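Enquirer: Residue numbers (my numbering): 282 to 390.
1. Among 288, 292, 295 and 358, which has the Cα closest to the Cα of residue 344?
2. Can the beta-carbon of residue 308 be found closer than 9 Å to that of residue 322?
3. Let me confirm a value: residue 335 is counted as buried when at least 16 other C-beta atoms fall within 10 Å, else exposed. Which label applies?
4. According to DSSP, is residue 350 part of a helix, a strand, or is it coil?
5. Cβ atoms of residue 288 and residue 329: under 9 Å apart, would you say?
6. With 16 other CB atoms within 10 Å as the buried threshold, where does residue 355 fall?
7. Work out the CA separation of residue 352 and residue 381 for me, nearest whole Å.
8. Here's the rule: buried if 16 or more other CB atoms are within 10 angstroms of the residue's CB, otherwise exposed. What is residue 291?
9. Just reading off the alpha helix (DSSP H) that residue 307 is part of, what are its end residues?
10. Please report the distance separating the alpha-carbon of residue 319 from that of residue 378.
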């Protein structure tokens, strides 16, 4: 019974995600991440992030930072920080303070 309910919920999220629902896209990203299906997780996370889903933007930034793709990480940290995501703002501050991407400019933040 529990597995059937999970499959129905997953099916509903997929339908909503395909129609462009950013929350459903983000939930699918989390689902696939937890299952270790990173390609699917990143695919849905990107879709949600591009639509302005702030937590997806932050999680995508963390992924790119982990992959040593700092320019892409910076882009998504900035987008999430602009929406008031505190952890993204902190990470963005660290990027600037440590000069990871830009020249050190502590006055910027």
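The beta-carbon is built from N, C-alpha and C at its ideal position, and this holds for glycine as well. All values derive from a computational prediction rather than experimental measurement.
Expert: This is what the structure holds:
1. Counting from one through the chain shown, the residue named residue 344 turns up at place 63. When only C-alpha atoms are compared, the closest one is 358.
2. Locating residue 308 in the chain shown gives position 27, where the first residue counts as 1. Locating residue 322 in the chain shown gives position 41, where the first residue counts as 1. Contact flag unset, no.
3. Position 54 of the chain shown, counting from 1, holds the residue named residue 335. With 16 or more other Cβ atoms within 10 Å, it is buried.
4. For the purposes of this step, residue 350 is taken as the residue at position 69 of the chain shown. Coil at residue 350, not helix or strand.
5. Mapped onto the chain shown, residue 329 falls at position 48. Mapped onto the chain shown, residue 288 falls at position 7. No. Outside cutoff.
6. Your numbering for residue 355 matches position 74 in the chain shown. Its Cβ being crowded by 16 or more others within 10 Å, residue 355 is buried.
7. Locating residue 381 in the chain shown gives position 100, counting from the first residue. Locating residue 352 in the chain shown gives position 71, counting from the first residue. C-alpha separation (whole angstroms): 9 Å.
8. The residue given as residue 291 occupies position 10 in the chain shown. Classification of residue 291: exposed, given that the 10 Å Cβ count is below 16.
9. Within the chain shown, the letter at position 26 stands for residue 307. Run containing residue 307: 303–315, per the alpha helix (DSSP H) assignment.
10. Here residue 319 is taken as the residue at index 38 of the chain shown, counted from 1. Here residue 378 is taken as the residue at index 97 of the chain shown, counted from 1. Distance between the alpha carbons of residue 319 and residue 378 is about 30 Å.
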